[in-house]
Each structure stands twice: as C-alpha cells, then as structure tokens.
Amino acid sequence: MTTGDAWKDFICFACGIRTKPDRRRFIAGPAYANYRKHFKVFSCKDNDVTCIKCYSQFYRKSKSQAKRYEDNQEESENQLSESEDDYEPPAKKQQKTTSIKSPKIIQLPITSAGKSHSSCCVCKDRKSKFQTLSTENRHKAFLSTGHLLLSGARCCPTHIDSDGSLNEQAILHFKSLTAGFNH
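In terms of the working numbering, the sequence shown has 85 at position 78, counting the first letter as 1, and numbering is strictly consecutive.
As structure tokens, then:
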C-alpha cells in the first residue's frame, strides 16, 4: 500500500482512542456547537470525530445541569412572587417508598417421592410392572397426606385402587412418613 491508500484513523479528540465506524460522531456543524464549546474546540475540520462514550458523558452531564438550572429558576421565581405574609415552604418531594421484596426462594418442609421410574414411590420395591399415577390422583394424595408425589411417580399395582387412586394402605404409609418428618 502506498501512503495515499492508507486507512484513515478517526481518533476521538476528547479521549484519544481510535473509533470504529458505528461508535463515532462527526462534530463539525451547528448541531455539535455546545459539545465543541464544552471541550474548548473553536475550530474543527470536517473529519474531526468523538467517540460515543465521550459524547454520552457530555450529553448526560449537560442534561443534568440544565435540569438543575431550570429547577433553580422555578424556585427563585416562586420565592419572588410570594409575599412574606403568605409564605409557604415549597412542597417536599415524595420520597420513594421502599417496598418489601419477598425472597426469590422459599423452602417449604414438604416431603416428596416418585423421583425414580424404576422403583415404587410407596414401598421402594423394584418390580417390573408399575403404573404411573395421574395428576389428579397425585393431587388427591398430596391433599390427604401432605406428601408430594412428583410428576411421573410410579407405583405397584397393589397400592392402587380400581379407580386409579392410592389405596388406604399407601395413604397410611405416606401419613406415617409425614408425621415422622414434621416432629
């Protein structure tokens, strides 16, 4: 490459870093007059740039200063317009109320069973023929025993009634586990 074909480096005049095309702003023109004035740049070329970081910092700072200036102007105008006899202090700004946040995780002392497909959730036996309990029957068992049966919980056919729900022997077994757990 010859010297005339070299890539043009666009250096931020505020911080001196080399800017990428999507992270640069050209500062020539009337739109950036306040920006140039802030950095005391009175003459600039068409190729002078600033990085987006420096411009964002300037923009935030100038907006906050302008807001403070407007607030002070309003307060001074209000104070001048009121007479001393009718003076009322300015209304206090409402403070942000701190809301009580609940914890993300709450641990409940609920026993569960049915983590394995290869063993019965009641007797832990490893037979070959199990039946999967339906969601409705698992919910009924939880309401009656307080023992949570996980989705896909499998059980021996001897512990299941003809309607698919757990029989009394299985429910008594879970109640004894729950009673021992809570004490």
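Ideal Cβ positions, reconstructed from N, Cα and C, are used throughout, including at glycine.
Note that this is a predicted model, so its numbers are computed, not measured.
> Distance, Cα to Cα, His124 vs Cys130?
Replying inline: 13 Å
> Helix or strand or just coil, what does DSSP make of Phe181?
Replying inline: helix
> Quick one: Cα of Asp168 to Cα of Glu175, how far?
Replying inline: 9 Å
> Would you call Tyr66 buried or exposed, if buried means 16 or more other Cβ atoms sit within 10 Å of its Cβ?
Replying inline: exposed
>> What does the alpha-carbon distance come out to for the pair His180 and Ile113?
In response: 27 Å
> Just how far apart, CA to CA, sit Ala177 and Leu115?
Replying inline: 23 Å
> Taking Asp16 as the reference, which of Cys61, Pro37, Asp132 and Thr57 has the closest Cα?
Replying inline: Thr57
>> Quick check: what's the CA-CA separation for Ser50 versus Arg30?
In response: 22 Å
>> Please report the straight-line C-alpha distance between Ser141 and Lys111, rounded to a whole angstrom.
In response: 30 Å
> Roughly how many angstroms lie between the CA atoms of Ile24 and Lys74, to the nearest whole one?
Replying inline: 30 Å
>> Give me, in chain order, the residues of the same chain whose beta-carbon lies closer than 7 Å to that of Ala38; leave out the 5 immediate sequence neighbours on both sides.
In response: none
> Apart from the five residues just before and just after Val48, which ones in its own chain have a Cβ nearer than 8 Å to its Cβ?
Replying inline: Phe20, Ile34 and Asp55
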